[in-house]
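The next block holds one structure in the form of structure tokens; read it before the comments.
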Amino acid sequence: MGVEKGKTAAVLAILKSRGITVSKGARTRIESESDAATLDRWLSMVAVVETTDALFS
332 MGVEKGKTAA
342 VLAILKSRGI
352 TVSKGARTRI
362 ESESDAATLD
372 RWLSMVAVVE
382 TTDALFS
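Just so you know, we're using the numbering used here here: the sequence shown kicks off at 332 and counts up by one.
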């Protein structure tokens with residue numbers, strides 16, 4: 332589970348560093364995700380999306 336927590340932290344840190352607003356609901360969704368494939372997809376997308384909605388699509 333440690334790897335997933337690291338990926339979650341990375342997604343949130345990148346969103347913050349890019350100035351993308353993360354709503355409470357989006358934060359909860361990101362923090363509760365445990366599927367490694369989904370976290371990997373989010374990590375690959377987080378550098379180019381403009382919103383968390385785009386991240387989840």
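For glycine and all other residues, C-beta sits at the position ideal for the given N, C-alpha and C.
{"query": "Going along the chain, which residues of its own chain have a beta-carbon closer than 7 Å to the beta-carbon of residue 367, five neighbours each way excluded?", "result": "335"}
{"query": "Confirm, please, whether the CB-CB distance from residue 345 to residue 383 is below 8 Å.", "result": "no"}
{"query": "Could you give the distance in angstroms between the alpha-carbon of residue 385 and the alpha-carbon of residue 333?", "result": "26 Å"}
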